[in-house]
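A.B. asks: My questions will all concern the structure given below.
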Ligand code: MSP
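Here's what the structure looks like:
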């Protein structure tokens with residue numbers, strides 16, 4: 262991308278039937294890292310997230326809690342979902358709720374447009390419905406359970422709960438019209454769906470043929486009314502997908518809409534079909550551009566299964582951040598899991614990576630270098646003498662790491678970006694071991710060499726602060742201040758991280774960037 266280009270990234274909007282777990286936080290952090298990276302590269306960046314508040318699932322949860330769906334949603338948003346963003350340091354530019362008036366108005370506008378263009382008709386539908394998924398299911402999506410509470414019943418493969426048979430007079434969207442157009446899209450824009458595994462699955466699915474989609478419900482009223490028939494509300498998914506455009510001014514602020522759209526969309530692979538099939542078909546029907554990309558990331562697994570609240574494997578993000586801190590949370594999930602694949606979460610792995618990569622690898626490097634500049638040079642970052650091959654090798658690594666990290670972010674390979682940045686951490690540690698600044702400090706004749714060595718590692722550290730700021734903003738900010746970096750680290754161009762500038766003075770770190778953690782509460786792993 263060229264600096265200044267629009268970069269709009271959106272997360273799915275989350276159901277407010279329950280509190281967030283680390284699976285939700287995972288999507289948020291990934292989107293946030295991309296947004297921070299692009300912002301720091303000078304791109305015209307926008308990060309959107311929000312909540313999905315209509316539909317039967319929320320209605321039932323509210324009823325079960327003796328309250329109204331709106332009151333329930335307000336409570337969950339204020340007590341759980343907004344605070345989540347603080348807990349994991351998300352820099353979202355906007356937060357959309359599907360109960361926002363701006364959303365409802367633009368949804369009505371969109372629906373009317375599709376209706377007037379002949380893409381919506383009324384008909385009748387009978388099928389199996391999973392309220393957990395808020396989706397009609399095909400037999401393939403169901404299984405019979407031999408034992409347990411639901412023995413002998415047909416249950417949803419995702420939720421493990423019985424489906425309901427629904428028969429309704431509904432409005433339908435002519436999705437079948439879009440089969441070939443979608444296949445053409447997947448072919449002409451090969452990175453429209455990523456990763457490859459999700460892309461293949463979607464293409465297979467669409468090739469089998471698309472049914473028209475039932476897009477209204479009349480058996481309950483918690484939703485946005487169909488503009489021409491107020492006895493129906495719009496199917497929750499159909500309406501929720503529109504958040505990506507209603508939030509940026511579709512139907513009300515065309516200048517902003519054109520400035521931002523299309524978006525890069527991150528979604529869990531379980532909801533990739535909605536985003537890569539229904540969503541682009543809706544947009545095509547309204548003659549709007551399709552998303553730039555739909556990336557279906559993998560699942561966080563706990564004990565080999567998709568972590569989920571309903572299966573009681575949900576882990577609250579604060580359980581991790583309370584012990585390890587926000588930066589470690591963000592780093593761990595971005596580094597340990599290949600973005601696009603499933604990844605198993607374990608406290609042991611988190612703890613081990615914290616210790617070896619963050620505390621020893623990076624944090625210790627920063628403390629040692631700053632302490633040496635303080636001790637040997639009174640806190641003044643020295644002017645270097647002549648560079649040797651070893652110094653040049655550090656500079657070359659810093660420049661390569663920057664380019665590789667940026668290229669990886671462009672491919673949405675966040676883990677590879679971190680791996681590229683870490684080559685510099687490792688090389689700096691090796692450099693210090695070999696150059697032995699503590700030995701140089703004992704020999705006056707080697708004063709100039711010591712100057713050069715200290716200068717070289719500080720240049721490397723500054724580059725790291727700039728490159729790591731999107732992932733570990735707090736630690737990067739502290740390091741930046743400690744090495745005298747000019748301004749705020751978030752204002753440093755990440756695509757030219759090596760060219761950073763600062764005052765030639767260090768300020769000792771008040772505490773380690775990643776302090777030693779004595780004991781991880783084993784109870785937390787339960
Ligand atoms: N409300 C819909 C999305 C509508 S977007 C127009 C929804 N909400 S959700 O709250 O159930 O899930 C939101 C996201 O969290 C999905 O992308 C889902 O894949 C993700 N995750 C839920 N559990 C997860 C894991 N265990 N691991 C990784 N991501 C997970 O679906």
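In my numbering, the protein residues as written are 262 to 787.
Just so it is clear, CB atoms sit at the ideal spot from N, CA and C, and this is done for glycine as well.
Everything numeric in this text was worked out from a predicted model, so none of it was measured.
#1: Kindly indicate which three-state DSSP category residue 783 falls into: helix, strand or coil?
#2: Beta-carbon within less than 6 Å of residue 768's beta-carbon, same chain only, minus the 5 sequence neighbours each way: which residues are those?
#3: For residue 307, write down the residues that DSSP places opposite it in a beta bridge.
#4: Going by beta-carbon coordinates alone, are residue 713 and residue 646 separated by less than 7 Å?
#5: Taking the C-alpha atoms as reference points, what is the distance between residue 242 and residue 557?
#6: With residue 790 as the anchor, note down where its beta strand (DSSP E) starts and where it stops.
#7: Could you pull out every residue in the same chain whose Cβ sits closer than 6 Å to the Cβ of residue 484, ignoring the five residues on either side in sequence?
#8: Would the stretch 666 to 683 count as touching the stretch 722 to 738 if we require 3 or more Cβ pairs under 8 Å?
#9: Quick check on the DSSP output: what are the complete beta strand (DSSP E) runs of length 3 or more inside the stretch 325 to 394, in order along the chain?
#10: Return yes when at least one heavy atom of ligand 1 lies under 6 Å from the C-beta of residue 543, else no.
#11: Return yes when the C-beta of residue 711 is under 6 Å from any heavy atom of ligand 1, and no when it is not.
#12: Indicate, with yes or no, if ligand 1 has a heavy atom lying under 6 Å from the CB of residue 729.
#13: For ligand 1, is there any heavy atom lying closer than 6 Å to the beta carbon of residue 269?
#14: For residue 273 and residue 266, I'd like the C-alpha separation in whole angstroms.
#15: When you compare only the Cα positions, how much space is there between residue 430 and residue 597?
#16: Rounded to the nearest angstrom, how far is the Cβ of residue 504 from that of residue 694, given a contact under 8 Å?
#17: When you compare each of 565, 473, 371 to residue 512 by their alpha carbons, which one comes out closest?
#18: Tell me which same chain residues have a C-beta within less than 8 Å of the C-beta of residue 444, skipping the five on either side of it?
#19: Just tell me which of 516, 280, 486, 590 has its CA closest to the CA of residue 369.
#20: How about residue 275: is its Cβ closer than 6 Å to a heavy atom in ligand 1?
#21: Quick one: residues in its chain with C-beta nearer than 7 Å to the C-beta of residue 303, no 5 flanking neighbours on either side, listed in chain order?
#22: What is the DSSP secondary structure of residue 769, reduced to helix, strand or coil?
#23: Which residues share a DSSP beta bridge with residue 312?
#24: Since residue 250 is in the alpha helix (DSSP H), which residue starts that stretch and which ends it?
#25: Would the C-beta of residue 747 count as close to ligand 1, meaning under 6 Å from any of its heavy atoms?
C.D. replies: Well, looking at it:
#1: Caution is warranted here: a pLDDT of 46 is assigned to residue 783, below 50, making its placement in the model unreliable, and the coordinate value is therefore given only provisionally. Helix at residue 783.
#2: Excluding its 5 nearest sequence neighbours in each direction, residue 768 has C-beta neighbours in its own chain below 6 Å: 743, listed in chain order.
#3: Answer is 269, bridged to residue 307.
#4: At the C-beta level, residue 713 and residue 646 come within 7 Å of one another.
#5: The first residue shown for the chain is 262 and the last is 787, placing residue 242 beyond what the model contains.
#6: This structure leaves residue 790 out entirely; the chain is present only between 262 and 787.
#7: Closer than 6 Å at the Cβ level, and outside the excluded window around residue 484, lie 315, 494, 495.
#8: By the Cβ test, the stretch 666 to 683 is in contact with the stretch 722 to 738, since at least three Cβ pairs between them sit closer than 8 Å.
#9: DSSP runs (the beta strand (DSSP E)) wholly in the stretch 325 to 394: 355 to 358, 381 to 391.
#10: No - ligand 1 has no heavy atom lying nearer than 6 Å to the Cβ of residue 543.
#11: False, no ligand heavy atom lies under 6 Å from that Cβ.
#12: For ligand 1, no non-hydrogen atom lies closer than 6 Å to the CB of residue 729.
#13: No - ligand 1 has no heavy atom lying nearer than 6 Å to the Cβ of residue 269.
#14: One alpha carbon belongs to residue 273, the other to residue 266, and they sit about 23 Å apart.
#15: Going from the Cα of residue 430 to the Cα of residue 597 covers about 48 Å.
#16: The pair is not a contact, with the Cβ atoms about 52 Å apart (cut-off 8 Å).
#17: The candidate whose alpha carbon is nearest that of residue 512 is 371.
#18: The residues are 464, 467, 468.
#19: Ranking the options by Cα distance to residue 369, first place goes to 486.
#20: At least one heavy atom of ligand 1 falls within 6 Å of the beta-carbon of residue 275.
#21: Only 264, 265, 754 meet the Cβ criterion.
#22: Assignment of residue 769 by DSSP, reduced to helix, strand and coil, places it in the coil class.
#23: 275, 358, per the DSSP bridge assignment.
#24: In the structure displayed, the chain extends from 262 to 787; residue 250 sits before or after that span and is not available.
#25: Flag unset: Cβ of residue 747 not near ligand 1.
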